[in-house]
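Novice: Protein chains in written order, with the working numbering: chain A, 9 to 635; chain B, 9 to 212. Sharing a structure, written as structure tokens. Questions coming.
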């Protein structure tokens with residue numbers, strides 16, 4: 009039995025916040041889950057995918073976040089509780105569906121998990137998605153710990169169902185990827201039957217219906233306001249003439265700060281879990297006898313604005329502060345020291361921040377494409393053919409690491425799918441070759457529309473689809489074009505080649521980038537086709553070796569080594585290829601030499617194709633590479 | 009009740025290492041053992057971009073503390089699975105911090121390609137030693153090899169941490185955490201690696 013499906017009976021487990029959300033959803037009788045993976049939300053759909061069959065839940069890796077929200081809302085409109093999860097920027101993709109789903113609403117509970125990423129641990133920005141709840145007018149809950157994440161997921165489902173509107177569960181990296189004790193609740197016994205009741209004048213949003221639903225939404229918001237005012241998720245702790253208003257992970261830093269600054273009896277804390285609609289009366293009553301209030305929250309002054317508005321409307325003479333110099337920073341994550349600094353400064357109590365030692369000057373350790381990664385081989389060949397003169401728009405995935413030296417094969421990136429569309433724009437204004445990169449999963453996610461646009465407007469660029477047969481960066485999730493699955497090799501459900509041909513691409517080719525000469529010949533040919541307007545496409549197809557090894561348990565038969573007698577130390581292998589298995593080393597005789605670390609070498613053979621001094625070396629029944 | 013348990017308030021343990029070294033598993037085991045012991049515990053980890061050969065950092069806080077992350081200057085123990093990363097984690101330390109560091113380097117790519125030089129291990133750990141209360145150096149490769157597999161170096165490090173007795177967790181709870189979390193086929197070698205580290209930690 010999957011750990012997350014075990015019966016309650018007071019069972020306590022150390023769970024990742026994301027696992028706690030899954031448990032809460034199972035306890036809340038969710039039967040339909042859809043998501044596109046994205047850090048820090050990926051483990052939610054990964055766990056659902058693992059337990060779906062056993063739990064009687066439908067779970068799918070949708071093609072993108074908008075699609076995931078749409079399929080999940082159809083279930084919820086048919087009376088089946090549903091959940092979709094995404095990283096913060098995923099809600100930008102899903103925003104079109106989201107804004108009007110708020111109008112149409114749902115019949116069964118629907119939770120939209122949105123995982124923000126303050127400090128951009130694995131993201132391109134750190135937008136504060138709480139504003140989406142306000143913009144759409146949907147309720148929002150914000151947990152602080154895995155235990156709260158479990159409980160609030162169940163509560164969000166109930167709330168959504170009661171008011172007929174989807175509910176946002178907004179998390180941050182330090183909730184999703186925090187592990188803490190979670191007490192299991194009871195599991196539901198049976199799944200409800202799905203029923204769709206035709207009701208076009210409430211479910212088909214033409215303007216006259218939209219107008220009616222707009223008013224209905226405002227009415228729902230009034231009721232939700234009342235629900236927020238009476239919610240046990242908003243509570244006060246401690247007592248004093250000063251106050252702190254907080255939510256999410258910030259609440260934990262505040263608790264430590266109150267203790268460390270010895271503010272017990274002087275500061276009371278309002279912890280908000282139901283943050284939209286924010287509980288105006290609760291905030292007003294909290295502040296009614298306070299001299300000053302500090303709002304402690306990560307990212308933008310969302311709660312601070314709520315507190316200021318409430319104080320102004322109630323005519324309270326309380327001093328309100330939040331973001332500002334010497335107070336709560338607006339950028340990046342908070343921590344206990346930052347919050348102690350802000351609180352000690354605002355409440356004017358003594359605090360000596362810890363002395364922070366400076367680390368000595370150290371070599372950096374950036375993340376890198378793995379040994380044997382086919383993306384490296386593709387970049388190598390494209391650079392040989394197009395050089396530094398070409399402009400290289402790129403996209404989001406492992407291959408974005410190609411931005412780092414020595415490859416330096418990324419010139420522009422803003423979001424998923426932007427590689428293709430921006431390539432078209434660049435090609436219209438620049439007199440330089442434009443070569444765009446996009447991964448297979450990202451192509452299905454949001455690259456296809458850009459390709460169609462480019463073809464229909466005679467944009468002149470080469471699109472290189474880096475097809476490694478999986479969504480590698482987020483943990484090897486499937487996508488529509490996969491051939492390699494845990495169950496074996498399959499015919500792709502959606503063929504990348506056929507989609508590209510179907511979009512109207514005239515010059516397209518598929519290569520295995522690990523065959524260097526052949527790849528470069530094809531690239532030369534495609535470069536010639538670029539004399540005419542139009543989009544050419546190269547599918548650079550070779551499976552992610554990490555994924556392939558995991559699934560097939562392939563063992564290396566050969567690794568590569570440098571023949572030190574013929575190596576002239578030209579360093580091109582290091583500077584052009586940059587494979588982490590290589591090192592600039594010293595031989596037993598004390599001479600400088602280049603070595604290949606046998607344990608790291610995947611045996612891909614790309615290096616041996618570009619240098620005569622690199623030769624194969626048979627290995628015995630050793631372990632497979634790249635475990 | 010031991011003296012450690014009577015005086016125990018809270019402990020913030022910062023883990024640092026390189027992708028593939030098993031730091032997250034070690035982090036999880038500390039959390040599970042603390043939970044087994046009935047101590048309040050919270051952990052934090054970073055997934056995703058960090059794991060392509062980059063630095064992997066995580067934390068465990070045990071006892072009367074809520075923040076799951078550790079601010080600069082607030083780590084009571086630093087468990088460094090690689091000496092360069094021990095030095096890089098110096099800003100997390102305070103003057104009373106105990107640093108347990110592996111002495112086995114994992115050469116970063118920037119060094120391998122000749123863009124930078126790997127400092128002498130003694131310089132790295134010397135820089136740490138000059139600032140903090142104590143540094144325990146662990147030859148994880150040798151000890152793990154003795155236990156049966158170099159891949160069990162993470163369990164050696166965990167054993168040393170357990171052996172120091174800084175965390176009021178009984179041997180029984182450690183054993184139970186290991187039994188529950190580790191896959192069956194690596195139980196034995198990992199237990200041996202843990203015991204090797206534990207013995208070293210006790211002796212110090």
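All C-beta atoms, glycine included, are put in the ideal place defined by N, C-alpha and C. Owing to the predicted nature of the structure, the values given are computational and were not obtained by experimental measurement.
Between residue 461/A and residue 409/A, how many whole angstroms is the CB-CB distance? I'm expecting something under 8 Å.
Specialist: Here residue 461/A refers to the residue found at position 453 when the first chain is read from its first residue. Here residue 409/A refers to the residue found at position 401 when the first chain is read from its first residue. At roughly 27 Å, the Cβ-Cβ gap does not stay under 8 Å, so residue 461/A and residue 409/A are not in contact.
Novice: Are the stretch 20 to 28 of chain A and the stretch 199 to 215 of chain A touching by the rule of at least three beta carbon pairs closer than 8 Å?
Specialist: With a cut-off of 8 Å, the stretch 199 to 215 of chain A and the stretch 20 to 28 of chain A do not count as touching, because too few Cβ pairs lie within range.
Novice: Identify each residue in the stretch 75 to 86 of chain B for which the Cβ-Cβ distance to at least one residue of chain D is less than 8 Å, and report them in chain order.
Specialist: Going by chain labels, chain D is absent from the structure shown, which instead holds the protein chains A and B.
Novice: Would you mind working out which of 176/B, 24/B, 103/B and 202/B sits nearest residue 49/B, comparing C-alpha positions?
Specialist: In the second chain, residue 49/B corresponds to position 41, counting from 1. Of 176/B, 24/B, 103/B and 202/B, the residue nearest in Cα terms is 176/B.
Novice: For residue 312/A and residue 127/A, what's the separation of their Cα atoms in angstroms?
Specialist: Indexing the first chain from 1 puts residue 312/A at position 304. Indexing the first chain from 1 puts residue 127/A at position 119. Residue 312/A and residue 127/A: Cα-Cα distance of roughly 20 Å.
Novice: Does the beta-carbon of residue 625/A have 16 or more other beta-carbons within 10 angstroms, so that it is buried, or is it exposed?
Specialist: Residue 625/A sits at position 617 when you count from the first residue of the first chain. Residue 625/A comes out exposed.
Novice: Who does residue 485/A pair with in a DSSP beta bridge?
Specialist: Within the first chain, numbered from 1, the residue matching residue 485/A stands at position 477. Bridge partners of residue 485/A: 479/A.
Novice: Could you tell me which whole alpha helix (DSSP H) segments of length 4 or greater appear in the stretch 269 to 307 of chain A?
Specialist: As far as the stretch 269 to 307 of chain A is concerned, its whole alpha helix (DSSP H) runs of at least 4 residues are 288 to 295.
Novice: Flag residue 335/A as yes if its beta-carbon sits less than 7 Å from any beta-carbon of chain B, otherwise no.
Specialist: For the purposes of this step, residue 335/A is identified with residue 327 of the first chain, where counting begins at 1. Residue 335/A does not count as touching chain B.
Novice: Just the C-alpha distance for residue 436/A and residue 413/A, rounded to the nearest angstrom, thanks.
Specialist: Position 428 of the first chain, counted from the start, is the residue given in the question as residue 436/A. Position 405 of the first chain, counted from the start, is the residue given in the question as residue 413/A. Approximately 28 Å between the Cα atoms of the pair.
Novice: Cβ closer than 7 Å: which chain B residues qualify as neighbours of residue 343/A?
Specialist: In the first chain, residue 343/A corresponds to position 335, counting from 1. 75, 77 and 79, listed in chain order.
Novice: Between the stretch 447 to 467 of chain A and the stretch 384 to 395 of chain A, do three or more beta carbon pairs fall short of 8 Å?
Specialist: No, because fewer than three Cβ pairs between the stretch 447 to 467 of chain A and the stretch 384 to 395 of chain A fall closer than 8 Å, the two stretches do not touch.
Novice: Identify, in the order they occur along the chain, each residue of the same chain with its Cβ nearer than 7 Å to the Cβ of residue 13/B, setting aside the five sequence neighbours on each side.
Specialist: In the second chain, residue 13/B corresponds to position 5, counting from 1. Note that residue 13/B scores a pLDDT of 49, beneath 50, so its modelled location is shaky and nothing firm can be said.
Novice: According to DSSP, residue 453/A sits in a beta bridge with which residue or residues?
Specialist: One-based indexing of the first chain puts residue 453/A at position 445. DSSP, once it has assigned bridges, lists no residue as partnering residue 453/A.
Novice: Pull out every residue of the stretch 178 to 194 of chain A whose Cβ sits closer than 7 Å to any Cβ of chain B, in chain order.
Specialist: The stretch 178 to 194 of chain A vs chain B, Cβ under 7 Å: 182, 185, 186, 187, 188 and 189.
Novice: What's the C-alpha gap between residue 54/B and residue 453/A?
Specialist: Here residue 54/B refers to the residue found at position 46 of the second chain. Here residue 453/A refers to the residue found at position 445 of the first chain. For residue 54/B and residue 453/A, the distance between alpha carbons rounds to 25 Å.
Novice: Could you name the residues of the stretch 348 to 377 of chain A whose beta carbon sits closer than 9 Å to any beta carbon of chain B, in the order they occur along the chain?
Specialist: For the stretch 348 to 377 of chain A, which is checked against every Cβ of chain B, the residues closer than 9 Å are 348, 361, 362, 363, 364, 365, 366, 367, 368, 369, 370, 371, 372, 373, 374, 375, 376 and 377.
Novice: For residue 563/A and residue 553/A, I'd like the C-alpha separation in whole angstroms.
Specialist: For this step, residue 563/A is matched to residue 555 along the first chain. For this step, residue 553/A is matched to residue 545 along the first chain. Their backbone Cα atoms lie some 11 Å apart in a straight line.
Novice: Strictly under 7 Å for the Cβ-Cβ distance: is residue 193/B near chain A by that measure?
Specialist: Counted from its first residue, the second chain places residue 193/B at position 185. It does not; no Cβ of chain A falls within 7 Å.
Novice: What does residue 135/B reach in chain A if we use C-beta pairs closer than 7 Å?
Specialist: Reading the second chain from its first residue, position 127 is the one you call residue 135/B. Chain A residues near residue 135/B: 368.
Novice: Any idea which residues DSSP pairs residue 197/A with across the strands?
Specialist: Your numbering for residue 197/A matches position 189 in the first chain. Looking at the DSSP assignment, residue 197/A forms no beta bridge with any residue, so it has no partner.
Novice: Between residue 122/B and chain A, is the shortest Cβ-Cβ distance under 7 Å, so that the two count as touching?
Specialist: Counting from one through the second chain, the residue named residue 122/B turns up at place 114. Chain A, which has a Cβ nearer than 7 Å to the Cβ of residue 122/B, makes this yes.
Novice: Could you tell me the alpha carbon to alpha carbon distance between residue 467/A and residue 538/A, rounded to whole angstroms?
Specialist: Walking along the first chain from the start, residue 467/A turns up at place 459. Walking along the first chain from the start, residue 538/A turns up at place 530. Straight-line Cα distance between these residues: approximately 10 Å.
Novice: DSSP beta-bridge partners for residue 124/A?
Specialist: For this step, residue 124/A is matched to residue 116 along the first chain. Per DSSP, 180/A.
Novice: When DSSP builds the beta bridges, which residues end up paired with residue 250/A?
Specialist: For the purposes of this step, residue 250/A is taken as residue 242 along the first chain, with counting starting at 1. BP columns for residue 250/A point to 275/A and 300/A.
Novice: Identify the contact partners of residue 179/B in chain A, using a Cβ-Cβ distance below 9 Å as the criterion.
Specialist: The residue labelled residue 179/B in the question sits at position 171 within the second chain. Under the 9 Å cutoff, chain A gives no residues; its nearest Cβ is about 19 Å from residue 179/B.
Novice: Taking residue 305/A as the reference, which of 47/A, 389/A and 262/A has the closest Cα?
Specialist: Along the first chain, read from residue 1 onward, the residue named residue 305/A stands at position 297. Per the Cα distances, 262/A.
Novice: Per DSSP, what are the beta-bridge partners of residue 399/A in this structure?
Specialist: Counting from 1 along the first chain, the entry for residue 399/A is found at position 391. According to DSSP, residue 399/A bridges with 442/A.
Novice: Are there three or more Cβ pairs, one per stretch, closer than 8 Å when the stretch 566 to 575 of chain A is compared with the stretch 481 to 501 of chain A?
Specialist: The answer is no - the stretch 481 to 501 of chain A does not touch the stretch 566 to 575 of chain A, with fewer than three Cβ pairs under 8 Å.
Novice: Quick test of the definition: if touching needs 3 or more C-beta pairs under 8 Å, does the stretch 174 to 189 of chain B touch the stretch 120 to 140 of chain B?
Specialist: The stretch 174 to 189 of chain B vs the stretch 120 to 140 of chain B: no contact.
Novice: Where does residue 273/A land, buried or exposed, given buried means 16+ other C-beta within 10 angstroms?
Specialist: If you number the first chain from 1, residue 273/A lands on position 265. Exposed is the call here.
Novice: At least one CB of chain B closer than 7 Å to the CB of residue 261/A: is that the case?
Specialist: Numbered from its first residue, the first chain carries residue 261/A at position 253. Chain B, which has a Cβ nearer than 7 Å to the Cβ of residue 261/A, makes this yes.
Novice: Where does residue 571/A fall in DSSP's three states?
Specialist: Numbered from 1 along the first chain, position 563 holds the residue referred to as residue 571/A. If DSSP states are grouped into helix, strand and coil, residue 571/A belongs with coil.
Novice: Looking only at its own chain, which residues have a Cβ that is under 7 Å from the Cβ of residue 169/A, when we skip the five neighbours before and after it?
Specialist: On the first chain, residue 169/A is found 161 positions in, with the first residue counted as 1. Counting only Cβ-Cβ distances below 7 Å, and skipping sequence neighbours, we find 116 and 117.
Novice: What separation, rounded to the nearest whole angstrom, lies between the Cα atoms of residue 179/A and residue 56/A?
Specialist: Against the first chain, residue 179/A aligns to sequence position 171. Against the first chain, residue 56/A aligns to sequence position 48. Distance between the alpha carbons of residue 179/A and residue 56/A: 18 Å.
Novice: Can you find the residues in the same chain that come closer than 8 Å, C-beta to C-beta, to residue 362/A, ignoring five residues on each side of it along the sequence?
Specialist: One-based indexing of the first chain puts residue 362/A at position 354. Hits under 8 Å: 345.
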